[in-house]
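Convert by adding 182 to the 1-based position in the sequence shown; the result is the number in my numbering.
Note that CB positions come from ideal geometry on N, CA and C, so glycine has one too.
Structure first, then comments.
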Amino acid sequence: MKSGARMASIHNLDSSIVIIGCGISGIGAAQKLIKNGFRNVRIIEATARSGGRIRTGRMGNNIIEVGANWIHGPCEENPVFCLARQYGLLDPESLTPENQAMDIGGHPPWVPNWFSSSGRKLDVEEMAPAVSLFAELLEQSTDFTQGGETWASVGEFLRAQVPRQAAKQWRGEQASTRALRLSMVSTLLKTECCVSGTHSMDLVGLGAFGLYKTLPGLDCTFPRGYDGLIDNMMKELPGGIVSYGRPVHCVHWGGDRTGDTGQTPVVVECRDGERIPADHVIVTVPLGYLKKHHATLLSPPLPLHKQHSVQRLGFGTNNKIFVEFESPWWDADCEVIYLVWEDEVDLVDQVSDVEKFWMKKLFGFTVLKPTERYGHVLCGWIAGHESEYMETLTEQEVTHAITHLIRKFTGNPIITPRRILRSQWFLDPWTCGSYSYTATGCSGQDIDNLAEPLPSRGGQSQPLQVMFAGEATHSRFFSTVHGALLSGWREADRLISHYSPPNVPEPMRSKL
């Protein structure tokens, strides 16, 4: 390397880089930049904590995940799994080759208990055909190519195909059995709303549904909490790199660096009035926040094609309701409890009156295992506008509704939860929901547009002024923690490549 190029590279390592948001994408970007020699990296975080939508809490003595729950697809291709293994945060069974090789297609093979709204425990084998039919059609819905499908949404496709296929496959069954199975499909439809983070599968685009890719491996959890991953990553960053409780008011971009005057092309204006000059800014705020504030968060505003993509992409709410009991009312081997409303034969995934029937959107509960670690705790799942309404209720009102629901479905009038704790991601002003999905009318190009740096599509002299990371910017792993981390690394690599001399092997390109 020539001495001039070497000096230029060293000088550029002093470029001022501001990262907005201390979630895993922001932390990952900072970690990679600093490990590759950049000396002037700062993270601005609106809240008082790191982790973003990774948030571990406590319910009595029990560790619970208020935010991200699993490592989806724990295998060698998943950087979250690799980091968790490196930090020693996982159970031995999660690390076995067998666990990593298991391909579950995004739907863990949980042992279920089924309960109906008439207070009956349903026979698992009798209901299995409904599960198989739904899984088969859901798999088919990932095979459409953009623009060639008859139906606009996954919900429309399923509503058209389920009755048709059920009539063929269940022709010899009693009418009551067919009706119960169709009601069960409604429960599975609500389950899929939680998986996708949407109000209704009618809002999820059919052509784009297959963009999401799963990784092999049986989903696993962190025995001591997901925030252990954040803690370990933060320990590798220099002290004082994060400014907490510092919401950003506006990112002023579009300027030019002018010689030796020290003027930078970007200025980050915080709500407390501080103005932070920067050569580059990486924005990692959730898509929900961007949808609500993009018009004022950047000046000049986002280019129109990026604004349109922000509007087209979906961002929904998926909340948890943790319920603790003195003793279990479910089977010892049960891993998931499904609630089947017998009046929902018409494939229902949203309620007619949110205030009156919001609890009907809750598809059921996952069982926190092992019992020795968690006690008798269930995690209820509820998505959409019903979930958002639930957030506005008092804890006492939620407790009353959940108690009534469980008594109705079990037929046991004396079951009483010890305590309840729920998440409230929609009301969180820094997230405005849970995670992204591919809505009707959007495509992979919208994800690419969201991830595109500013200035874009032009010949301005100062490229890479504002960059974008976060789960919604990853074209295959949106809505996941590993997608968020990979997006942060992607933007760090973009800067590393930007400052690497052309045609020269550059040690800074090495992976973390």
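For S657, the CB contacts under 6 Å within the same chain, skipping 5 residues up- and downstream, are G626, I629 in chain order.
Annotation: T396 to T373 spans about 17 Å, alpha carbon to alpha carbon. The Cβ neighbour count for V549, taken over all protein chains shown within 10 Å, is at least 16; the residue is labelled buried. Beta-bridge partners of G205 (DSSP): G233. Here DSSP, grouped into helix, strand and coil, assigns P311 to helix. Exclusion of the five residues before and after L484 leaves H476 as the residues of its chain whose Cβ lies within less than 6 Å of its Cβ. If you draw a straight line from the Cα of T576 to the Cα of V527, it comes to about 32 Å.
In this chain, the alpha helix (DSSP H) harbouring T581 covers 577-592.
Counting only the Cα atoms, D325 lies some 8 Å from G389. Listed in chain order, the non-local C-beta contacts of V344 below 8 Å within the same chain comprise L315, F316, L319, L364, V367, L529, local neighbours out to five positions each way being set aside. Under DSSP, R601 takes part in a beta bridge, and its partners are E506. Nearest Cα to V492 within the set K542, N631, L560, E537: N631.
With a threshold of 16 other beta carbon atoms within 10 Å, L486 falls short and is exposed. The beta carbons of C624 and G387 sit about 6 Å from each other, so the pair counts as a contact at 8 Å. For T369, the three-state secondary structure derived from DSSP is helix.
Non-local beta-carbon contacts of P468 in its own chain, meaning distances under 6 Å to residues more than five positions away in sequence, involve T613 in chain order.
DSSP places K395 in the coil class of the three-state scheme, outside both helix and strand. In the three-state scheme derived from DSSP, where H, G and I count as helix and E and B as strand, P274 is classed as helix.
In the displayed model, A283 falls within a helix according to three-state DSSP.
Of all alpha-carbon atoms in I225, A621, G399, G670, the one lying nearest the alpha-carbon of G421 is that of I225. Around the beta-carbon of D409, 16 or more other beta-carbon atoms lie within 10 Å, marking it buried. Residues I503, F504, V505, E577, V580, T581, I584 of the same chain have their beta carbon placed closer than 7 Å to that of I602, with the five preceding and five following residues left out of the count. Spanning the alpha carbons of L419 and K303 requires a straight line of approximately 52 Å.
Collapsing the DSSP output to three states places W540 in a helix. With respect to the 8 Å criterion, V248 and V448 are not classified as neighbours on the basis of their beta carbons. Counting along the chain, S618 sits inside the beta strand (DSSP E) bounded by residues 617-619.
Around P599, the same chain offers V505, E506, F507, T581, I584, T585, I588 as residues with beta carbons nearer than 8 Å, after the five sequence neighbours per side are excluded. Under the three-state reduction of DSSP output, S534 falls in the coil class, being neither helix nor strand. Every beta strand (DSSP E) of 3 residues or more that sits fully in the stretch 469-531 is shown, in chain order, as 496-498, 500-506, 518-522.
Of T553, H567, K488, T359, the smallest CA-CA separation from D513 is found for T553. Counting along the chain, the unbroken beta strand (DSSP E) around S298 starts and ends at 294-298. Of all alpha-carbon atoms in G652, A651, P635, A654, the one lying nearest the alpha-carbon of P645 is that of P635.
E307 is classed as exposed because its beta carbon has fewer than 16 other beta carbons within 10 Å across all chains shown. The DSSP-derived three-state label of V306 is helix. Across the set E451, F650, G288, the C-alpha of G288 shows the shortest separation from the C-alpha of W252.
One Cα belongs to W296, the other to D305, and the distance between them is close to 7 Å.
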